[in-house]
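Residue numbers (our numbering): 20 to 506. Heads up, the beta-carbon is just placed ideally off N, CA and C, and yes, glycines get one too. It should be emphasised that the depicted structure is a prediction, and the values quoted were computed from it without experimental measurement.
So this is what it looks like as structure tokens:
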């Protein structure tokens, strides 16, 4: 080989660095150009609605920004039979009802953001229409004012109910929901009990299942057959929203230009916002949501009674309006560092209030178990009945974990579940035969929905609104899983 050839083949280190630098710069420029193009395409596809009333004078009792997130049951008039089948619904031709209503609250003082659920069946005062279910506000307002009138009346209703000033509005329909879910990776869910609901078409075994877009839509729409009905559905919807945010910000999407473009197109074509909402600002907030820096809560409720109204019996969610000011004020309270937080007082039998709900199908089981726990020394409330479920669980607010663990010693074998829809420790009896004892079981504190349990295994998506899993009957969160089990 000649010297000339050798000299051509020798590449000096500084030249290598220069070439690499040029390649890196080109890649970065391409990425910036792609991002700019994607952002322009994204924002140009988003439609707007004048959702924020110009006459609103509601002074928020909580500082920060509040974004109302709404999911409704609107079906496009030109939707095909195949599209309606994907949604698990039909073209009913009726008014639009908002089935999902959440407020993303971002405090101005650096406290944790909160995703606040407003149950669709909340019995509230709708301005100009009197008392009614919250999900009817949009339909009432749209009768004369179109979609903008519906959005504005819903905003006013939620502002009056909560004391929060709504700054921005984001809306997505059934078809939009499906398109977004289809553009992102499937999600995993873990169910405490097997589900087969003909209303929503959702069907899945206990344990972990992987849901495609059609199944995910059925999953968040179901409320029939759930122990806490609408309140359990709120928990499902918050879980789905956080799971999809994580999916969107995952390497599988962000590092895959084709998939990212598909996801951006689906989201921009699915959502409708008020003109003042800055998409980049919202995306910044969603980073916190996906990273777990978020409180998931439901407005305070006092029960789910059936009332006689307008000539028929109506099942509602009774809002605890007296507790609302304190609830809202707490949204902006920064967490106390663990090192300086005072130790929680030890739970005592006499200081623990317990409610027993009968989901076992055995007549009188709730009353019997209530009497047993009262004999053991617990304070009790009146027993009640819920729809049948297979697993006996002990549900509790996160702040009452110690009291729930104490109750678990008197209900051996029950699964502990931290939920936002109860105000005290609640034993929900299942068909598994677990029952309360008058004395504590040595070494027993129940199994936790965030701890070890059974029901793990490989999963496969089924057809229609069903999903399959190796689990059956009932399940707690598998030990090696980060997927929390919910109803």
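Residue pairing of residue 119 in beta bridges, as defined by DSSP: 90. Below 8 Å, enough C-beta pairs join the region 132–148 and the region 170–181 to call them touching: three or more. Counting along the chain, residue 152 sits inside no alpha helix (DSSP H); it lies in the beta strand (DSSP E) bounded by residues 149–152. Following the DSSP letters along the chain, one finds residue 372 inside the beta strand (DSSP E) bounded by residues 372–377. If you draw a 10 Å sphere on the C-beta of residue 225, you find 16 or more other C-beta atoms in it, and that means buried. Excluding the 5 residues flanking it on each side, residue 423 has same chain C-beta neighbours closer than 7 Å at 413, 415, 435 and 444, in chain order.
For residue 255, the CB contacts under 7 Å within the same chain, skipping 5 residues up- and downstream, are 238, 239 and 505 in chain order.
Assignment of residue 230 by DSSP, reduced to helix, strand and coil, places it in the strand class. In this structure, the straight-line span from the alpha carbon of residue 335 to that of residue 406 is close to 16 Å. Taking every protein chain shown into account, the CB of residue 455 has 16 or more other CB atoms within 10 angstroms, so this residue is buried. A straight line joining the alpha-carbon of residue 230 with that of residue 275 spans about 21 Å. The beta carbon of residue 186 is closer than 6 Å to those of 84 and 85 in its chain, skipping five residues each way along the sequence. When DSSP states are grouped into helix, strand and coil, residue 258 belongs to the helix group. By the neighbour-count criterion, in which a residue is buried when 16 or more other Cβ atoms sit within 10 angstroms of its Cβ, residue 453 is buried.
Counting the other CB atoms within 10 Å of its CB gives residue 212 a total of 16 or more, which places it among the buried residues.
Measuring C-alpha to C-alpha distances from residue 151 to each of 427, 344 and 326 identifies 326 as the nearest. Counting along the chain, residue 163 sits inside the alpha helix (DSSP H) bounded by residues 156–181. Boundaries cannot be given for residue 397, as no beta strand (DSSP E) includes it and DSSP labels it neither H nor E.
One Cα belongs to residue 284, the other to residue 202, and the distance between them is close to 9 Å.
Boundaries of the beta strand (DSSP E) harbouring residue 190: 187–191, taken from the DSSP string. Annotated as proximal: residue 448 and residue 411, with beta-carbon spacing under 9 Å.
Beta-bridge pairing by DSSP links residue 327 to 332.
Judged by DSSP in its simplified three-state form, residue 460 adopts coil rather than helix or strand. Measuring C-alpha to C-alpha distances from residue 172 to each of 328, 161 and 318 identifies 161 as the nearest. The shortest C-alpha to C-alpha distance from residue 122 to any of 128, 180 and 73 is the one to 180.
The beta carbons of residue 69 and residue 167 sit about 5 Å from each other, so the pair counts as a contact at 8 Å. Under the three-state reduction of DSSP output, residue 289 falls in the helix class. Cβ contact annotation for residue 339 (same chain, cutoff 7 Å, sequence separation greater than five): 319, 320 and 321, in chain order. With respect to residue 446, residue 459 sits apart: the two C-beta atoms are not nearer than 9 Å. The alpha-carbon of residue 297 is positioned some 51 Å away from that of residue 451. A distance below 6 Å between beta-carbons, with the five flanking residues on each side excluded, links residue 294 to the following residues of its chain, in chain order: 67. The Cβ atoms of residue 378 and residue 394 lie no closer than 9 Å to each other. Leaving aside the five residues that flank residue 72 on each side, the residues in its chain whose CB is nearer than 8 Å to its CB run, in chain order, 171, 174 and 175. DSSP places residue 352 outside any alpha helix (DSSP H), giving it a letter other than H or E.
Within the DSSP bridge table, the entry for residue 243 names no partner. Residue 209 is positioned such that its CB atom lies no closer than 9 Å to that of residue 191.
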